[in-house]
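**Q** Structure below; questions to follow.
2 protein chains.
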Amino acid sequence: MTRAQANMPSSPLGRKITSYMSLTDEEKTFLADLERNVTRHGSRSDLLQQGERYGCVRVMRKGWAIRHKALPDGRRQVVNFVLPGDIIGFYCNLFETADHGVTTLTPAEVANFQPDRIIELFKRFPRLAAALAWSGAKEEAIIAERLLSVGRRTALERTAHLIVELLRRLTIVGLVEEGRFTLPVTQEILADALGLSIVHINRTLRRLRDIGLIDLAGQQITVHDVKQLASIGQFDELYLHLIRAPKPLEHALDTKSDRKRAGD
Amino acid sequence: MTRAQANMPSSPLGRKITSYMSLTDEEKTFLADLERNVTRHGSRSDLLQQGERYGCVRVMRKGWAIRHKALPDGRRQVVNFVLPGDIIGFYCNLFETADHGVTTLTPAEVANFQPDRIIELFKRFPRLAAALAWSGAKEEAIIAERLLSVGRRTALERTAHLIVELLRRLTIVGLVEEGRFTLPVTQEILADALGLSIVHINRTLRRLRDIGLIDLAGQQITVHDVKQLASIGQFDELYLHLIRAPKPLEHALDTKSDRKRAGD
DNA sequence: TACCCCCATTAACCTATGTTATAGATGGTT
DNA sequence: AACCATCTATAACATAGGTTAATGGGGGTA
Numbered sequence: 024m025t026r027a028q029a030n031m032p033s034s035p036l037g038r039k040i041t042s043y044m045s046l047t048d049e050e051k052t053f054l055a056d057l058e059r060n061v062t063r064h065g066s067r068s069d070l071l072q073q074g075e076r077y078g079c080v081r082v083m084r085k086g087w088a089i090r091h092k093a094l095p096d097g098r099r100q101v102v103n104f105v106l107p108g109d110i111i112g113f114y115c116n117l118f119e120t121a122d123h124g125v126t127t128l129t130p131a132e133v134a135n136f137q138p139d140r141i142i143e144l145f146k147r148f149p150r151l152a153a154a155l156a157w158s159g160a161k162e163e164a165i166i167a168e169r170l171l172s173v174g175r176r177t178a179l180e181r182t183a184h185l186i187v188e189l190l191r192r193l194t195i196v197g198l199v200e201e202g203r204f205t206l207p208v209t210q211e212i213l214a215d216a217l218g219l220s221i222v223h224i225n226r227t228l229r230r231l232r233d234i235g236l237i238d239l240a241g242q243q244i245t246v247h248d249v250k251q252l253a254s255i256g257q258f259d260e261l262y263l264h265l266i267r268a269p270k271p272l273e274h275a276l277d278t279k280s281d282r283k284r285a286g287d
Numbered sequence: 024m025t026r027a028q029a030n031m032p033s034s035p036l037g038r039k040i041t042s043y044m045s046l047t048d049e050e051k052t053f054l055a056d057l058e059r060n061v062t063r064h065g066s067r068s069d070l071l072q073q074g075e076r077y078g079c080v081r082v083m084r085k086g087w088a089i090r091h092k093a094l095p096d097g098r099r100q101v102v103n104f105v106l107p108g109d110i111i112g113f114y115c116n117l118f119e120t121a122d123h124g125v126t127t128l129t130p131a132e133v134a135n136f137q138p139d140r141i142i143e144l145f146k147r148f149p150r151l152a153a154a155l156a157w158s159g160a161k162e163e164a165i166i167a168e169r170l171l172s173v174g175r176r177t178a179l180e181r182t183a184h185l186i187v188e189l190l191r192r193l194t195i196v197g198l199v200e201e202g203r204f205t206l207p208v209t210q211e212i213l214a215d216a217l218g219l220s221i222v223h224i225n226r227t228l229r230r231l232r233d234i235g236l237i238d239l240a241g242q243q244i245t246v247h248d249v250k251q252l253a254s255i256g257q258f259d260e261l262y263l264h265l266i267r268a269p270k271p272l273e274h275a276l277d278t279k280s281d282r283k284r285a286g287d
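So the protein lines, in turn, are chains A and B.
Here this note's numbering is used: the first sequence runs in plain steps of one and ends on residue 287.
Here this note's numbering is used: the second sequence runs in plain steps of one and ends on residue 287.
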């Protein structure tokens, strides 16, 4: 991944899509343009509040955030983690009002663009539209898997599962080194993601440490035995849909099209 | 809704989209064509099995189904209910392998088409593509809300919430009469949808009956007091995104475009 | 240096929900 | 009309995980 791609787009969005589909120059330019407007945010700042009108579509360039939903009495569920490179609720921006909030967990660098550009994208770049639709489907798959966790896995299984999920997702974007990565997350947030109490998350993490599967030091987590962790969590691999190319996308989109033969 | 729409598409998909966006004749024809191939299935038959390769995109014309995920040891989570008019995992069909199963709960009538028609749709009908993306985002919102239920609501709240959700969704497609509708669902399935045990679902339903909020007779459920039920379930209204027109969709898609002035 | 706030950690206790077991209903089939 | 398979319904008991409360560490700041 050195500098092999002279033609590699510099935008996270572009890079993400390029990983499973080659882009024309025109498409690259459009994507880069989408991400021109970058803003910075502190830790723990709300990018979007539940009940608010939608504003911009956002792409996480650096940092972590969470998408979360709350009940009137304050109980809260973390729906998903937004990792570097992730799009923040692409299609939701077609809604009037946000049914969830987005809050950063670290200082963050975010690209912003107007929702009507989504429409433009649909009209002018069907291949990009399809690619983003695909990416949206992946997010739904992640949420469905979390639902399975919260509904049917035990505390230990859920926790193990989440750690493996994050490990996998962060690996793709190059943020894991030898099983070690930064987990900028309090136990309260883990609890809210897994539908557990904060005390019980603590007990569970301790158990995972006691078995020797993980190590926690501040915000650094080290996974010693992914395999066993995955086995405890009954981790499936399937749901993240990491396989390179979605077949119909690859085929159908590349055949006839307006393609200009890009970098690779 | 009598026969006001001479131009009303007869396909469920068309009808769904028409409810928030008017369609050109060409678009209507394309949609109708998508739904030409209709198959019938018995109750409890698998339309899709977890781990299987994806086949057709399906639209539920009549009947109910569930999307569900299972753990190796058999524990199961119902991810969502597929009601008449719903699309069955539109974008997931861009994946290689199914990470969930789909099973009918009643005899069902289903329209089928090849996934590569999705691509065709993206190329030829950007407005339809955007509309379906919107519809996909709504499904994600429903799943996220169920995650909130399972993670943070009590058994009584969850159950109340689900009943209201189904009431609302079925109302849209005209399947509710005076608070009464058919619920072709065993307690086991309710349990799997809500992350509870079958016994506890039974206790909880009894409680709702005892309070006088609902009545159950076979597969008929009558909701006596939606308001209180919604209040118990902390039902939000927001997440179903029932508001007529997604603003950017309405605007941006209708302005320039290739529109031909349809029925209304 | 002292104060404060946030967070992790643990212990003791409690309860919502799960488990196991049993008995009726219901409905289809021979 | 007897049989079987599924469901619903309850009771009695078990437990995973919640709650409350107390302690200590770490980092900012005045």
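Here a beta-carbon is modelled for each residue, glycine too, at the ideal position from N, C-alpha and C.
Note that the structure is a prediction, hence the values are computed from the model and not measured.
(1) Could you check which residue in B:T127, B:S42 and B:I111 has the C-alpha nearest to that of G159 (chain B)?
(2) From which residue to which residue does the beta strand (DSSP E) around R63 (chain A) run?
(3) Using 7 Å as the threshold, is the C-beta distance between A154 (chain A) and G86 (chain A) below it?
(4) Put F53 (chain B) into one of helix, strand or coil per three-state DSSP.
(5) Can you pull the chain B residues whose beta carbon is under 8 Å from the beta carbon of C79 (chain A), in chain order?
(6) According to DSSP, is R284 (chain A) part of a helix, a strand, or is it coil?
(7) Give a yes or no on whether 7 Å exceeds the smallest Cβ distance from D281 (chain B) to chain A.
(8) Indicate whether G174 (chain A) and V222 (chain B) have their beta-carbon atoms separated by less than 7 Å.
(9) Any C-beta of chain A sitting closer than 7 Å to the C-beta of G65 (chain B)?
(10) Determine which residues of the segment 93-120 of chain A have a Cβ less than 9 Å from any Cβ of chain B, and write them out in chain order.
(11) State the Cα-Cα distance for the pair I166 (chain B) and R63 (chain A), rounded to the nearest angstrom.
(12) Quick check on the DSSP output: the beta strand (DSSP E) that includes H223 (chain A) runs from which residue to which?
(13) As a quick exercise: from B:D259, B:H264 and B:L265, pick the residue whose alpha carbon is nearest that of K92 (chain A).
(14) In terms of residues, what are the limits of the alpha helix (DSSP H) holding H91 (chain A)?
(15) State whether the segment 36-44 of chain B contacts the segment 69-76 of chain B, with contact taken as three or more CB pairs (one from each stretch) at a distance under 8 Å.
(16) Within this structure, are the beta carbons of T120 (chain B) and L170 (chain A) separated by less than 7 Å?
(17) By DSSP, does G159 (chain B) sit in helix, in strand, or in coil?
(18) I'd like the span of the beta strand (DSSP E) that includes G124 (chain A), first residue to last.
(19) Going by DSSP, which residues form a beta bridge with L71 (chain B)?
(20) Just curious, the alpha helix (DSSP H) that V187 (chain B) is in, first and last residue?
(21) Taking the beta carbon of D233 (chain B) as the centre, do at least 16 other beta carbons fall within 10 Å, making it buried, or is it exposed?
(22) Figure out for me which residue from A:D109, A:V125 and A:L219 has the closest Cα to the Cα of L189 (chain A).
(23) Tell me which residue opens and which closes the alpha helix (DSSP H) that T8 (chain A) is part of.
(24) Using a Cβ-Cβ cutoff of 9 Å, what residues of the segment 228-243 of chain B are near chain A? List them in chain order.
(25) Could you name the residues of the segment 162-193 of chain A whose beta carbon sits closer than 8 Å to any beta carbon of chain B, in the order they occur along the chain?
(26) I'd like to know whether the C-beta atoms of F148 (chain B) and V80 (chain B) end up nearer to each other than 7 Å.
(27) Exposed or buried, Q243 (chain A), counting other C-beta atoms within 10 Å across all chains shown (16 or more means buried)?
**A** For this structure:
(1) B:I111
(2) In the DSSP assignment, R63 (chain A) falls within the unbroken beta strand (DSSP E) covering V61 to H64.
(3) no
(4) Correct three-state label for F53 (chain B): helix.
(5) Going along chain B, no residue has its Cβ under 8 Å from C79 (chain A), so there is no contact; the nearest lies around 12 Å.
(6) Legend: pLDDT at R284 (chain A) = 38, less than 50; position of this residue unreliable, value from coordinates given subsequently. Residue state, collapsed to three classes: coil.
(7) Because D281 (chain B) sits at a pLDDT of 42, beneath the cut-off of 50, its placement in the model cannot be relied upon, and the following sentence gives the value as read from the coordinates. So, not an interface residue.
(8) Not in contact: G174 (chain A) and V222 (chain B) (Cβ atoms no closer than 7 Å).
(9) no
(10) A93, L94, P95, D96, R98, R99, Q100, V101, V102, N103, G112, F113, Y114, C115, N116, L117, F118, E119 and T120
(11) In this structure, the straight-line span from the alpha carbon of I166 (chain B) to that of R63 (chain A) is close to 31 Å.
(12) First-last for H223 (chain A): I221 to I234, but that is the alpha helix (DSSP H), not the beta strand (DSSP E).
(13) B:D259
(14) That residue, H91 (chain A), is in no alpha helix (DSSP H); its beta strand (DSSP E) goes A88 to A93.
(15) no
(16) no
(17) helix
(18) G124 to T127
(19) Bridge partners of L71 (chain B): B:V125.
(20) Looking at the DSSP string, the run of the alpha helix (DSSP H) that includes V187 (chain B) is A178 to I195.
(21) exposed
(22) In terms of CA proximity to L189 (chain A), A:D109 leads the group A:D109, A:V125 and A:L219.
(23) Summary: the structure shown does not reach residue 8 (chain A), with chain A confined to residues 24 through 287, and so no result is reported for it.
(24) Of all residues in the segment 228-243 of chain B, none comes within less than 9 Å of chain A when Cβ atoms are compared.
(25) E162, E163, A164, I166, A167, E168, R169, L170, L171, V173, G174, R175 and R176
(26) no
(27) exposed
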